Amino acid sequence: MTEWKTLIVEDEAPTRELLVNYCLARPELKLVKVAKDGEEALEYLQNEEFHLAFLDINLPILSGLDILERLENPPYIIFITALRDKAIEAFEFGVIDYLLKPFSKERFFKAVDRALEILGNEADKPSKNIFNEHGLFILEKENHFLIPYGEIIYISSRDNFSVVHTEKRQYVTYKSLKSLEQKLPPGKFLRIYKQYIINLEKLSHLQSDNMGNYSVHLKDEDETQLPVGRKYISKIKELL
1 MTEWKTLIVE
11 DEAPTRELLV
21 NYCLARPELK
31 LVKVAKDGEE
41 ALEYLQNEEF
51 HLAFLDINLP
61 ILSGLDILER
71 LENPPYIIFI
81 TALRDKAIEA
91 FEFGVIDYLL
101 KPFSKERFFK
111 AVDRALEILG
121 NEADKPSKNI
131 FNEHGLFILE
141 KENHFLIPYG
151 EIIYISSRDN
161 FSVVHTEKRQ
171 YVTYKSLKSL
181 EQKLPPGKFL
191 RIYKQYIINL
201 EKLSHLQSDN
211 MGNYSVHLKD
221 EDETQLPVGR
231 KYISKIKELL
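Here the sequence shown stands for residues 1 to 240, where the numbers follow full-length UniProt numbering.
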């Protein structure tokens with residue numbers, strides 16, 4: 001029997017103990033770590049690979065949503081919350097289930113069965129290329145935004161954060177450009193440089209100089225001009 005490495009993240013002691021006992025009652029789950037706050041959980045998730053995590057949404061220091069925003073390759077997630085309306089945000093992140101406090105052993109086992117079915121079928125982490133049909137869902141500080149794809153002009157990366165540029169404003173998130181790229185619908189956006197992704201609907205034209213360097217011009221109010229990496233030039237020429 002395959003054992004799936006499991007993490008519990010819960011700040012309330014009674015619920016945490018309940019989760020531990022329920023996990024131990026399922027031999028398919030190998031409980032590896034238990035975290036009491038968001039900071040501790042993020043450290044575990046960044047330094048060790050887990051197949052499944054039971055993650056409370058409301059946590060000290062970093063919330064469950066904050067944690068997912070900072071992860072490149074999160075495990076399968078079952079969210080835990082006392083607030084029913086948080087379930088909507090949970091599914092925006094592609095979690096496989098959520099447990100509404102207080103939950104029964106039977107409800108816990110049902111969520112585990114769903115997770116085990118997915119783990120058994122894919123034998124790996126879920127595809128990160130699943131995108132939200134309504135727009136790009138991001139966290140900026142304590143605020144969550146759903147940005148329609150059509151409003152995005154381009155996305156840039158700076159140091160350890162990314163910036164989503166729209167006509168109205170810029171959204172700053174701690175997600176990497178790579179992880180944001182995996183949330184975008186295929187065929188609508190294109191990486192043109194290690195630091196830039198553009199909305200193809202905003203692409204005006206491609207320009208080159210005497211030195212063989214290329215740049216793209218975008219159809220926005222600022223008439224944005226961005227450099228193009230050499231390995232991306234042929235793809236843009238095909239599209240044009």
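Built from N, CA and C at the ideal position, the CB exists for glycine as well.
Fair warning: this is a prediction, and the values are worked out from it, not measured in the lab.
1) Straight-line CA distance for residue 288 to Val163?
2) May I ask you to list the residues that DSSP assigns as paired with Val172?
3) Taking 8 Å as the limit between beta carbons, can you name the residues of its chain near Arg114, skipping five residues before and five after?
4) State the Cα-Cα distance for the pair Asp209 and Gln225, rounded to the nearest angstrom.
5) Helix, strand or coil for Arg107? Go by DSSP, reduced to three states.
6) Compare the beta carbon distance of Leu62 and Glu39 with 7 Å and say whether it is the shorter of the two.
7) How far does the alpha helix (DSSP H) with Asn47 in it extend, from its first residue to its last?
8) Can the beta-carbon of Val20 be found closer than 7 Å to that of Asp56?
9) Residue range of the alpha helix (DSSP H) that Asp66 falls in?
10) His217 and Ser204: beta carbons closer than 7 Å?
11) Going by the DSSP bridge assignment, what does Val216 pair with across the sheet?
12) Classify Asp113 as helix, strand or coil using the three-state DSSP reduction.
According to the data block:
1) As displayed, the chain neither begins before 1 nor continues past 240, which places residue 288 out of reach and without an answer.
2) Here the question's residue 172 lines up with position 172 in the sequence shown. Val163.
3) Reading the sequence shown from its first residue, position 114 is the one you call residue 114. Here the set comprises Ile96 and Asp97.
4) Taking the sequence shown and counting its residues from 1, the one referred to as residue 209 is at position 209. Taking the sequence shown and counting its residues from 1, the one referred to as residue 225 is at position 225. Each residue's alpha carbon lies about 13 Å from the other.
5) Numbered from 1 along the sequence shown, position 107 holds the residue referred to as residue 107. Three-state DSSP puts Arg107 in a helix.
6) Translated into positions along the sequence shown, residue 62 becomes position 62. Translated into positions along the sequence shown, residue 39 becomes position 39. Their beta carbons are under 7 Å apart, which means Leu62 touches Glu39 by this criterion.
7) As a working mapping, residue 47 is identified with position 47 in the sequence shown. Where Asn47 is concerned, the enclosing alpha helix (DSSP H) stretches over Gly38 to Asn47.
8) Counted from its first residue, the sequence shown places residue 20 at position 20. Counted from its first residue, the sequence shown places residue 56 at position 56. No, these two residues do not count as a Cβ contact at 7 Å.
9) Against the sequence shown, residue 66 aligns to sequence position 66. Per DSSP, Asp66 belongs to the alpha helix (DSSP H) from Gly64 to Glu69.
10) In the sequence shown, residue 217 corresponds to position 217, counting from 1. In the sequence shown, residue 204 corresponds to position 204, counting from 1. Yes, these two residues count as a Cβ contact at 7 Å.
11) Start at 1 with the first residue of the sequence shown, and residue 216 comes out as number 216. Paired residue(s): Leu206 and Leu226.
12) Numbered from 1 along the sequence shown, position 113 holds the residue referred to as residue 113. Of the three classes helix, strand and coil, the one that applies to Asp113 here is helix, per DSSP.
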